[in-house]
Amino acid sequence: MTTLADEAAALLNIRLTAGQEAAFDVYARELSVWNARINLTAITDQEGVRVRHFLDSLTVASVVPVTAGARFIDVGTGAGFPGLPLKIAFPDIHMTLLEATNKKLNFLRHVCEAVGVTNGVAFLHARAEDAGQMPDQRASYDAVLARAVARLPVLLEYLLPLAKVGGRCIAMKGKTAQEEAEASTRALKALGGRLVGVETVQLPGVDEAHYLVVVEKVTPTAAAYPRKPGIPTKSPL
Ligand code: SAM
């Protein structure tokens, strides 16, 4: 039987311990139990959760340094993707899980306790537009991540204010990645970002490619951004 540890080693050169594998098993089980009560994911089969949630989340480690003490935030984390699998695989990073819906954060609090992830994790119940204006959040992260939250010109207004200058934003995207990156020139300029590249990810047994849009923060973001909740979606940069 294929395991997450085999696939993480083969695809990403990530070595998971038996304890980490057990933590992923508990995470998968709790996801299934809670999903019956609150809508957390449409992917429910074992292989789908392992590959499309866990392994997909871990691919971020191929484009950002996961060094001890590095500060990560996952914006619109939902059921924890990609932030929580990364925190389980790299326990020495600091991970903030940001989510607008508190019941999803309650699930994540529960899973973290169940798998023993208690140090270096924070739960932030907020809109990204508000978090980006909080003095203790703004410009304080080495890596700012998001999967399936918004189109890139909108998403960049959520992500770039949270990054330190020199830090990276990673947007996990499907087949529209390149087109979205091309549509983001104005947003990048306004927010102090530079497109580093669009990396292709091919997950085992998954036909369609996934993409990691990598953006570096090169200058501080102007105080006007992010604008008030809802405005980035209504009037993208
Ligand atoms: N990232 C997860 C994944 O890939 O499985 C969840 C994706 S889900 C489609 C989008 C999530 O982003 C939802 O849980 C939603 O509540 C959250 N979200 C959307 N806009 C947000 C915002 N402006 N601030 C914070 N969370 C937001």
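Heads up: the sequence shown begins at 21 in this note's numbering, then just goes up one per residue. Backbone N, C-alpha and C fix where the C-beta goes; we use that ideal spot for every residue, glycine too. Note that the structure is predicted; figures quoted are calculated from it, not measured.
query	result
Return the residue from the list Pro224, Ala201 and Glu228 that minimises the CA-CA distance to valine 216.	Ala201
So valine 84 and isoleucine 251 are in contact, right, with Cβ under 8 angstroms, and what is the actual spacing, rounded?	Not a contact, Cβ separation roughly 28 angstroms.
Which whole-angstrom value describes the C-beta separation of alanine 146 and alanine 166, a residue pair presumed to lie in contact below a C-beta threshold of 8 angstroms?	Contact flag wrong, Cβ pair sits at about 14 angstroms.
What residue from Lys195, Arg188 and Thr253 has the CA that sits closest to valine 80's CA?	Arg188
Going by C-alpha distance, which of Val137, Gly103 and Leu144 is nearest lysine 123?	Leu144
Name the DSSP beta bridge partners of arginine 214, please?	Glu236
At a threshold of 8 angstroms, does lysine 193 count as lining the ligand SAM (C-beta to nearest heavy atom)?	no
Please report the distance separating the alpha-carbon of histidine 130 from that of glycine 39.	18 angstroms
Say the cut is 8 angstroms; is the CB of glycine 98 nearer than that to a heavy atom of the ligand SAM?	yes
Quick one, are the C-beta atoms of glutamine 99 and phenylalanine 127 less than 9 angstroms apart?	According to the sequence shown, residue 99 is alanine rather than glutamine. Yes.
Buried or exposed, going by whether 16 or more other CB atoms sit within 10 Å of the CB of isoleucine 58?	exposed
Quick one: grab the DSSP three-state call for tyrosine 260.	There is no way to answer for residue 260, as the model of the chain reaches only from 21 to 257.
Which residue from Lys237, Met21 and Tyr47 puts its Cα closest to that of aspartate 162?	Lys237
Is any heavy atom of the ligand SAM found at a distance shorter than 8 angstroms from the C-beta of alanine 142?	no
Mind reading off the beta-carbon distance from aspartate 112 to glycine 103? Whole number of angstroms is fine, and I expect it under 8 angstroms.	Not quite, the Cβ-Cβ distance comes to about 15 angstroms (not below 8 angstroms), so this is no contact.
Work out the CA separation of tyrosine 47 and isoleucine 63 for me, nearest whole Å.	14 angstroms
Check for me: the alpha helix (DSSP H) holding arginine 49 runs from which residue to which?	38 to 55
So, are the CB atoms of threonine 241 and glycine 152 less than 9 angstroms apart?	yes
Quick one: Cα of glycine 140 to Cα of arginine 49, how far?	23 angstroms
Can you list the beta strand (DSSP E) stretches of 3 or more residues lying completely in the segment 96 to 160, in chain order?	114 to 119 and 141 to 145
For threonine 260, count neighbouring Cβ atoms within 10 angstroms of its own Cβ and tell me buried if that reaches 16, exposed if not.	Missing from the structure shown is residue 260; the chain here goes from 21 to 257 and no further.
Excluding sequence positions up to five away, which residues of its chain have a Cβ less than 7 angstroms from the Cβ of proline 249?	Arg147, Glu149 and Asp150
Which word fits arginine 206, buried or exposed, when buried means at least 16 other C-beta atoms lie within 10 angstroms of its C-beta?	exposed
Given a cut-off of 9 angstroms on the beta-carbon distance, is the pair alanine 170 and tyrosine 178 in contact?	yes
Restricting to Cα atoms, I'd like to know which of His230, Leu118, Ala243 and Tyr245 is closest to valine 164.	Leu118
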